[in-house]
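Encoded as structure tokens, the structure appears first; notes follow it.
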Amino acid sequence: MTTVDRWSGSDVRALREAKRMSLRQFAKHLGISDRMVSKWEAGGNDIHPRPVNQAALDTSLAQSSPEEQARFRLIRSGATGSTPRADIAEQTHPKGNNAHIRHPRDGKLMTLVEAGVFLCGPDDKPTWLPAFYLDVYPTTNADYGRFVTATGHRKPVHWTDGRCPKDQLDHPVVFVTWHDAVAYAAWAGKSLPSSQQWEKAARGTFGNTYPWGNSATPPKCNVRENGLRGTTPVDRYHSGTSPYGVYDMCGNVWEWCSTETDLGRHELKGSAFTSSFDRAAPSAFNDASADMYDDDTGFRCAAPAEELHNLPRPR
31 MTTVDRWSGS DVRALREAKR MSLRQFAKHL GISDRMVSKW EAGGNDIHPR PVNQAALDTS
91 LAQSSPEEQA RFRLIRSGAT GSTPRADIAE QTHPKGNNAH IRHPRDGKLM TLVEAGVFLC
151 GPDDKPTWLP AFYLDVYPTT NADYGRFVTA TGHRKPVHWT DGRCPKDQLD HPVVFVTWHD
211 AVAYAAWAGK SLPSSQQWEK AARGTFGNTY PWGNSATPPK CNVRENGLRG TTPVDRYHSG
271 TSPYGVYDMC GNVWEWCSTE TDLGRHELKG SAFTSSFDRA APSAFNDASA DMYDDDTGFR
331 CAAPAEELHN LPRPR
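Taken in order, the sequence shown gives residues 31 to 345; the numbers are from my numbering.
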């Protein structure tokens with residue numbers, strides 16, 4: 031829940047704009063004169079409404095929709111600079127399992143990414159997305175093995191005698207084309223995330239440069255600088271998780287997205303153990319032919335929130 035310790039005129043303007051009301055509409059909504067609202071907004075950060083009006087503003091914010099609250103946080107942070115983006119993201123989307131479900135088809139843990147605005151791309155363009163769930167971890171060799179057993183789909187070329195090495199069951203599956211990833215997603219009753227969905231889950235609402243914040247910290251992920259020269263278990267990098275608690279959004283393997291960039295080409299996100307850290311920012315662009323497969327390319331899946339919101343939470 032978004033809260034304001036002490037309302038200022040700038041906060042009032044941010045709430046009115048977030049609710050997309052005219053000055054007169056907002057004044058009527060609060061039960062005060064439009065002259066009063068105009069006075070507050072003109073005063074900016076230097077004016078503070080009386081306690082009775084502070085309470086009315088608290089109520090208005092509390093009763094706002096999730097989309098309106100997301101817009102309010104975005105407008106307010108840009109207008110006042112009072113709270114660092116990374117801190118706001120942490121407060122808005124605390125890491126934890128209170129928004130987690132187990133998908134009924136493939137059993138993978140998924141996390142809710144709420145509807146609302148986030149800062150997208152290298153230019154931090156405000157972009158609205160509906161709510162969706164995303165796999166907390168990339169699709170592992172063990173996950174993919176169940177899919178292969180159930181469907182007879184072709185096995186990755188690095189599996190020995192058609193079976194994944196036992197010491198890599200919890201590593202992300204690789205040597206999968208975009209078509210392979212789509213086939214798994216269809217079997218699981220999901221889809222590949224769009225590049226925007228993937229980026230929001232990685233960066234949070236307010237545009238962290240990296241999943242963990244804005245500091246360039248290669249040890250928080252599996253990239254070339256760390257010298258591991260191969261994939262790692264998908265739950266290894268606890269300190270590198272995103273504001274939604276999602277793992278491996280930087281490094282380990284590139285991940286296929288549904289977004290088509292050209293005929294037969296689709297976006298890849300996240301970088302890999304083969305990539306230098308300067309390619310790891312979730313806002314960075316990469317794409318490849320849908321027929322490409324390599325030892326550093328995998329995927330994870332997404333699903334619309336309305337399809338899953340009634341499922342029981344994991345215990």
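We put the beta carbon where it would ideally sit given N, CA and C, even for glycine.
As the structure is a prediction and not an experimental result, all values here were calculated from the model.
Here V67 really is in contact with V42; their C-beta atoms are around 7 angstroms apart, less than 8 angstroms. By the criterion of at least three beta-carbon pairs nearer than 8 angstroms, the segment 134-151 is in contact with the segment 216-226. The three-state reading of DSSP puts Y174 in helix, counting H, G and I together. The segment 191-257 contains no complete beta strand (DSSP E) run of 3 or more residues.
Look at the beta carbons and you see the segment 246-260 not touching the segment 174-193: under three pairs across the two are nearer than 8 angstroms. Rounded to whole angstroms, Y277 and R254 show a C-alpha spacing of 18 angstroms. A straight line joining the alpha-carbon of K58 with that of G73 spans about 20 angstroms.
According to the DSSP assignment, P156 belongs to no alpha helix (DSSP H) but to the beta strand (DSSP E) extending over 155-159. In the three-state scheme derived from DSSP, where H, G and I count as helix and E and B as strand, K58 is classed as helix. Of the residues G260, F315, H268, the one whose Cα lies closest to the Cα of D326 is G260. Here G73 carries a helix assignment [DSSP, helix/strand/coil]. In terms of CA proximity to L338, V143 leads the group V143, W228, T289, I62. Spanning the alpha carbons of N256 and S95 requires a straight line of approximately 43 angstroms. A Cβ-Cβ contact shorter than 8 angstroms links T157 with V147.
Going by beta carbons, F315 and G281 fall outside the 8 angstroms limit. Straight through space, the alpha carbons of S288 and P79 are spaced by roughly 48 angstroms.
By the C-beta density criterion, L293 is exposed, having fewer than 16 other C-beta atoms within 10 angstroms. Nearest Cα to A231 within the set A332, K155, H268: A332. Nearest to E297 by alpha-carbon distance, out of S306, S319, M279, A310, is S319. For the pair F236 and L149, the CB atoms are nearer than the 8 angstroms cut-off.
Around the beta carbon of A92, a 10 Å sphere encloses fewer than 16 other beta carbons of the protein chains shown; the residue is thus reported as exposed. Around the beta carbon of T89, fewer than 16 other beta carbons sit within 10 angstroms, so the residue counts as exposed.
Distance check between R295 and each of G275, D321, E285, P334 places D321 closest, using alpha-carbon atoms only.
Here D265 is exposed: its Cβ has fewer than 16 other Cβ atoms, across all protein chains shown, within 10 Å. Here the alpha carbon of Q198 sits roughly 7 angstroms from the alpha carbon of N171. Annotation: I105 to S40 spans about 10 angstroms, alpha carbon to alpha carbon.
Ranked by Cα distance from D76, the options R36, I62, V283 are led by R36.
Boundaries around D165 are those of the beta strand (DSSP E), 162-165, since no alpha helix (DSSP H) includes it. In terms of Cβ geometry, P202 and T169 form a close pair [threshold 8 angstroms].
Closest option to G275, judged by alpha-carbon separation, among L139, K69, L60: L139. Within the same chain, A145, G146, V147, W158 come within 8 angstroms of E97 by CB-CB distance, once the 5 residues on both sides are set aside.
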